[in-house]
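Read through the structure below, which is laid out as C-alpha cells, and then see the notes.
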Amino acid sequence: MAAGLIQPTWLGAFRGLWALTWKAQLTTRRLPLLLATLFVIPAFVYFTVDEGRTNPFLHWVIDFYLMLLLPLYCLSVCGGMIRDELQADTFGFLATRPMSRARLFLTKYLCHLIWLEILAAIHGCLLIGVGRAHDIPGIGSLGNLLLAVQVLEVVAYGALSALLGLLHQRYMVLGILYGFIVEMGIGRIPTNINNLSLSRHLRTILGHDETIRQVYEWSPEGLGSSVLLMAAAAILFLGLGAVIFTLKEYHAAEEMQK
10 MAAGLIQPTW LGAFRGLWAL TWKAQLTTRR LPLLLATLFV IPAFVYFTVD
60 EGRTNPFLHW VIDFYLMLLL PLYCLSVCGG MIRDELQADT FGFLATRPMS
110 RARLFLTKYL CHLIWLEILA AIHGCLLIGV GRAHDIPGIG SLGNLLLAVQ
160 VLEVVAYGAL SALLGLLHQR YMVLGILYGF IVEMGIGRIP TNINNLSLSR
210 HLRTILGHDE TIRQVYEWSP EGLGSSVLLM AAAAILFLGL GAVIFTLKEY
260 HAAEEMQK
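Residues 10 to 267, numbered by my numbering, are exactly what the sequence shown covers, in order.
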C-alpha cells in the first residue's frame, strides 16, 4: 500500500502516547520520587499505627492519602501533561500529528489516567496490606471500598487537574487555591452548594462503610447521586479542556519562562 494511503488510527496514536507517558514517568530523575510516593506513606502507617487501632489507620488512609496526597499527585501528573510538552518544546511534534487537538488532549488524559490508576492500585494494596498486618477491624470491606473509591477519585481529580493545567502555567498554585476555596471551604458548608465539592461526594461514598461511619459520622445518603455527580464532573472538566485546548494558542517561548 502506498504511504499516502495509510490512514493513522486512534489505537496507533494511543499506543504511541502511552509509550511516551510511561517512559517519561519512569526516568532515572523521577524514579526516586515515584518510589517515595508509593512506599513512604505505607511505611509510616506500618510503624506508627498500633495493632487493632482503627482511628489512626483511617486518619492516615482517608485524611492524608485519599483527601490530600492523591489529589495533589493527580494535579502534578495530569496538570503537567500538556505544560510539560510545551516546556520541553515537544508540543509542536504532537500538534502536527494527524489528530485533532481535542482528541489529542483526551488521549493524553487517558494515558495519564491509566498510569495514575496503576499507581493508586499499588498504593491502595500496600495500605490494605498494612491494615491486615495490624489486624484493623473491617479491613476486608474497607479495603474493597478504598480501591473502588480511588478509581473514581483519580478519574475526577485527574480531569480537573488536566483542565487547570490548560488554564494557567502555575497550575499547582491554582489547584491548591481551588482546594482551599472549593474543597475545604464550599465543601463544608451545610447547604446544597457543597455539591460543587468533589471531596464532599467522596465523604458520602466513604460513609457507606460502617467502620468509617462510626469514626467520621458521614452519612451515606445520596450515594448514587454522588457517584453520578463525580462522573459528570469529570466529563464536564474534560469537555471544557478539549474546547480550550482546541481554541487556545500556546506559545512555547512564553511557556518556557518559569
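Backbone N, C-alpha and C fix where the C-beta goes; we use that ideal spot for every residue, glycine too.
No experiment lies behind these values; they were computed from the predicted model shown.
Residue burial classification, residue i (beta-carbon count within 10 angstroms, cutoff 16)
i	result
Leu186	exposed
Ile221	buried
Ala243	buried
Phe288	Since the first residue shown for the chain is 10 and the last is 267, residue 288 is missing from the structure and cannot be characterised.
Val182	exposed
Gly184	buried
Ser234	exposed
Gly188	buried
Phe254	buried
Phe114	buried
Leu148	For the sequence presented, residue 148 should be read as Ile rather than Leu. By the 10 Å Cβ count, Ile148 comes out buried.
Gln223	exposed
Trp69	buried
Lys117	buried
Gly140	buried
Leu42	exposed
Ile190	exposed
His177	exposed
Thr99	exposed
Chain-order list of residues whose beta-carbon lies under 8 Å from that of residue i (same chain, five-residue window excluded)
i	result
Phe73	Ile50
Asn203	Ile195, Gly196, Arg197 and Arg209
Val163	Leu79, Cys83, Leu122, Leu125, Glu126 and Ala129
Gly13	Residue placement at Gly13 is poorly supported in this model, since its pLDDT is 49, which falls under 50; the coordinates still yield a value, given next. Within the same chain, Gly13 has no close Cβ partners at all.
Pro146	Gly61, Thr63 and Thr220
Ile71	Leu215, Ile221 and Tyr225
Leu47	Leu128, Ile131, His132 and Leu135
Residues near residue i in its chain [Cβ-Cβ closer than 6 Å; skip 5 each side]
i	result
Ala11	Confidence is the limiting factor: at Ala11 the pLDDT is only 45, short of 50, which leaves the residue's position unreliable, though a coordinate-based value still follows. Counting only Cβ-Cβ distances below 6 Å, and skipping sequence neighbours, we find nothing.
Leu3	Residue 3 lies beyond the range of the chain shown here (10 to 267); nothing can be said about it.
Ser170	Cys83, Leu84, Cys87 and Gly88
Phe246	Ala168, Leu169 and Leu172
Gly231	Thr213
Glu192	Ser206 and Ser208
Leu75	none
Ala111	Ala251 and Thr255
Cβ-based neighbour list, residue i, same chain, cut-off 7 Å, excluding 5 preceding and 5 following
i	result
Lys267	Reliability fails at Lys267, whose pLDDT of 49 lies under 50, so the model's placement of it is uncertain and the value that follows must be treated cautiously. So the list is empty, once near-sequence residues are dropped.
Glu60	His143 and Asp144
Val4	Coverage of the chain is limited to positions 10 through 267, which leaves residue 4 absent and any answer about it impossible.
Min CB distance residue i to chain D below 8 Å
i	result
Phe189	You won't find chain D in this structure, because it holds only one protein chain.
Assess, as a yes-or-no matter, whether the stretch 200-216 is touched by the stretch 238-249 under the definition of 3 or more beta carbon pairs within less than 8 Å. yes
- Query: Does the count of Cβ pairs from the stretch 58-69 and the stretch 165-180 closer than 8 Å reach three?
  - Reply: no
**Asked** What residue ranges within the stretch 172-228 form continuous alpha helix (DSSP H) runs of no fewer than 4 residues, ordered along the chain?
**Response** 180-187, 207-215 and 219-225
> Which residue spans inside the stretch 59-139 form an unbroken beta strand (DSSP E) run of at least 3?
Replying inline: none
May I have a chain-ordered list of the beta strand (DSSP E) segments no shorter than 3 residues that lie completely inside the stretch 16-52?
-> none
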